[in-house]
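Asker: Letter by letter, the sequence shown follows residues -24 to -1, 1 to 326 in mature numbering (1 follows the signal peptide of the UniProt record, and there is no 0).
Note that beta-carbon positions come from the ideal geometry of N, C-alpha and C, so glycine has one too.
This is the structure I want to talk about, given as structure tokens.
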Amino acid sequence: MLTRHLAATGVLAASVLLAGCAAAPDAGGETAGSDYCARMVTNSGGLEDRSFNQSSWEGLEAASDEFGIDVRALVSTNETDLAPNVQQAVESGCEFVLTVGWELADPTTEQAAANPDVHFAIVDELVEGENIKPIVFDTAQATFLAGYLAAGVTQTGVVATFGGGNQPPVTLFMDGFVDGVAHYNEVHGTAVRVLGWDKAAQDGTFTGDFEDINKGKTTTEGLIDQGADVILPVAGQVGEGAAAAALERNALVIWVDNDGYDTLDASFRPVILTSVLKNTQDAVVQIVGDDIDGTFTNEPFIGTLENEGVGLAPYHDLADRVSPELQAEIDGVRSEIIAGTIEVTSPSAP
């Protein structure tokens, strides 16, 4: 079980970042006497995406602190940077390369096959290879709890979700959210509706990218116009637009990947009900440590409620919106999921 707890920090500016395929400067996270080094390649969302790039980098920085190793990030600003950056990471001579997101699946697979002595890990994508370790999360388990929570606090009887793209790491969140609302309705005899996602059809509302904040705002305004007062955006930076719309229109947001209360601008704190957490930081530290120890394997790391790889963040300023009775129910549902009494399913489950 993962036991480290890393706070989201603002240390990104203190670390060396490589934009596109720029050559690495001499300064960085290098520790004298350390021969081991690791490189990370972001997807096109960039490093400070308030999402999995940022969480993955925080994990690699924590590994640098814990093990005294040299770590650097190669930042992809568009799709044309992806393959060259993975190649540059390999050419650095480092033993370990961390890539982030489905966009990097093909470059990671190609470089891993060509460089069997380098160990790779990829976040949020199941990729096969003798020297590739997928880091994936059964986020449907945690969003099941988030859906139950949303159904319990809605004042309109309508909640909503939308994604950046119709991709398994996105729709996995949405499946769990819909099922959590349905379970609340079953328990309470209510009829809370979910806008933005049809699990049976595996289709719903998508903005088409993970960077255009204005699309997130417009999409959320449309959902609020239809009555939604709790919204789950699964869209990286696009979700900031959802928070902006919620702030203006008296709605609430459930963030994803990391604690939005900490990573988003403080002005959004009044509307962040909770966040669906992926404990990427601890997973990265553990996997780097295993690699240093010589125990690296290609067996996927799958974050679950049981191993604390996924979960819900605190309610922070909105704790008074969650009654003790509702919290007790959520705790009970969590225990039932871990025990297998409640089975959370999704076509996108890892």
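Would you give the residue range spanned by the alpha helix (DSSP H) that Val129 belongs to?
Answerer: That run of the alpha helix (DSSP H) goes Thr115 to Val129.
Asker: What's the C-alpha gap between Pro326 and Thr115?
Answerer: Distance between the alpha carbons of Pro326 and Thr115: 9 Å.
Asker: May I ask you to verify whether the segment 26 to 34 touches the segment 228 to 247, counting CB pairs closer than 8 Å and requiring at least 3?
Answerer: Result yes; three or more Cβ-Cβ pairs closer than 8 Å.
Asker: Which residue wins for smallest C-alpha separation from Gly212, given the options Asp41, Gly21 and Glu34?
Answerer: Among Asp41, Gly21 and Glu34, the Cα nearest to that of Gly212 is on Gly21.
Asker: Where does Asp100 sit, in a helix, a strand or coil, going by DSSP?
Answerer: Three-state DSSP puts Asp100 in coil, outside helix and strand.
Asker: What did DSSP end up calling Gly156 once you bin it into helix, strand or coil?
Answerer: Correct three-state label for Gly156: helix.
Asker: Does DSSP classify Ile45 as helix, strand or coil?
Answerer: Looking at Ile45 - three-state DSSP - the assignment turns out to be coil, as it is neither helix nor strand.
Asker: If we call anything under 8 Å between Cβ atoms a contact, is Phe81 one with Val103?
Answerer: Here residue 81 turns out to be Ala, not Phe, going by the sequence shown. Against a cut-off of 8 Å, the Cβ pair of Val103 and Ala81 comes out as a contact.
Asker: Are the CB atoms of Tyr160 and Gly128 nearer to each other than 8 Å?
Answerer: Taking 8 Å as the Cβ cut-off, Tyr160 and Gly128 qualify as a contacting pair.
Asker: Less than 8 Å separating the beta-carbons of Phe113 and Lys254?
Answerer: Yes, they are a contact pair.
Asker: Ignoring anything shorter than 4 residues or poking outside the segment 191 to 232, list the alpha helix (DSSP H) runs there in chain order.
Answerer: Listed in chain order, the complete alpha helix (DSSP H) runs (minimum 4 residues) inside the segment 191 to 232 are 215 to 225.
Asker: May I have the straight-line CA-CA distance separating Glu42 from Gln262, to the nearest angstrom?
Answerer: Answer to the nearest angstrom: the Cα atoms are 10 Å apart.
Asker: Give every residue of the same chain whose Cβ lies closer than 6 Å to the Cβ of Glu6, excluding the five residues on either side of it in the sequence, and list them in chain order.
Answerer: Confidence is the limiting factor: at Glu6 the pLDDT is only 42, short of 50, which leaves the residue's position unreliable, though a coordinate-based value still follows. Correct list, in chain order: Asp46.
Asker: Quick one: what's Ala254 bridged to in DSSP?
Answerer: At residue 254 the sequence reads Lys, which differs from the Ala that was named. Note: Lys254 sits in a beta bridge opposite Val286.
Asker: Does Val320 come out as helix, strand or coil in the three-state DSSP assignment?
Answerer: Val320: coil per DSSP, three-state reduction.
Asker: To the nearest angstrom, how far is it from the Cα of Val157 to the Cα of Asn91?
Answerer: The straight-line gap from Cα to Cα measures roughly 46 Å.
Asker: With distances taken from CA atoms, which of Ala176, Val146, Glu284 and Gln178 is nearest Pro209?
Answerer: Out of Ala176, Val146, Glu284 and Gln178, Val146 has the C-alpha closest to the C-alpha of Pro209.
Asker: Quick one: any contact between the segment 165 to 181 and the segment 121 to 138, if contact means 3 or more CB pairs under 8 Å?
Answerer: Verdict: yes, contact present.
Asker: Examine chain B for any beta-carbon lying closer than 8 Å to the beta-carbon of Val170, and answer yes or no.
Answerer: Within the model displayed, chain B is absent; a lone protein chain is all it includes.
Asker: Nearest to Asp174 by alpha carbon, out of Leu148, Gly198 and Tyr291?
Answerer: For the residues Leu148, Gly198 and Tyr291, the minimum Cα distance to Asp174 belongs to Leu148.
Asker: What three-state label does DSSP hand Gly308 in the structure shown?
Answerer: If DSSP states are grouped into helix, strand and coil, Gly308 belongs with the helices.
Asker: Identify whether Phe272 lies in helix, strand or coil by the three-state DSSP scheme.
Answerer: Of the three classes helix, strand and coil, the one that applies to Phe272 here is coil, per DSSP.
Asker: Which same chain residues, not among the five before or five after Gly123, have their C-beta less than 6 Å away from its C-beta?
Answerer: Same-chain partners within the cutoff: Phe153, Gly156 and Val157.
Asker: Which residues in the same chain as Gly192 place their Cβ atom closer than 7 Å to its Cβ, once the five residues preceding and following it in sequence are excluded?
Answerer: Counting only Cβ-Cβ distances below 7 Å, and skipping sequence neighbours, we find Thr183, Pro209, Ala211, Val214, Gly215, Glu216, Gly217 and Ala218.
Asker: So which of Leu121, Ser31 and Cys13 has the shortest CA-CA distance to Glu319?
Answerer: Of the listed residues, the one whose Cα sits closest to Glu319 is Leu121.
Asker: Let me check understanding here. Comparing Cα to Cα, which of Ser31, Asp11, Glu282 and Asp179 lies closest to Asn234?
Answerer: Closest by alpha carbon: Ser31.
Asker: Does the distance from the C-beta atom of Ala222 to that of Thr250 stay below 8 Å?
Answerer: Cβ atoms of Ala222 and Thr250: not closer than 8 Å.
Asker: With DSSP as the reference, please indicate the residues paired to Thr137 in a beta bridge.
Answerer: Its beta-bridge partners are Leu208.
Asker: Using the beta-carbon count (16 or more within 10 Å), is Glu162 buried or exposed?
Answerer: When all chains shown are included, Glu162 counts as exposed.
Asker: Which residue's Cα is closest to the Cα of Ala97: Ser322, Thr273 and Glu55?
Answerer: Ala97 has its Cα closest to that of Thr273, out of Ser322, Thr273 and Glu55.
Asker: Buried or exposed for His164, going by 16 or more other Cβ atoms inside 10 Å?
Answerer: The residue in question, His164, is exposed, as its Cβ has fewer than 16 Cβ neighbours within 10 Å.
Asker: Counting C-beta neighbours from all protein chains within 10 Å, is the total for Ser243 16 or more, i.e. buried, or is it exposed?
Answerer: Per the 10 Å Cβ criterion, exposed.
Asker: DSSP on Pro110, reduced to helix/strand/coil?
Answerer: If DSSP states are grouped into helix, strand and coil, Pro110 belongs with the strands.
Asker: Using CA atoms only, rank isn't needed, just tell me which of Gln178, Glu101, Ala126 and Glu86 is closest to Asp151.
Answerer: Selected option, being the one with the closest Cα: Gln178.
Asker: Out of Asp267, Thr53, Val51 and Pro110, state which residue places its alpha-carbon closest to the alpha-carbon of Trp78.
Answerer: Closest option to Trp78, Cα to Cα, is Pro110.
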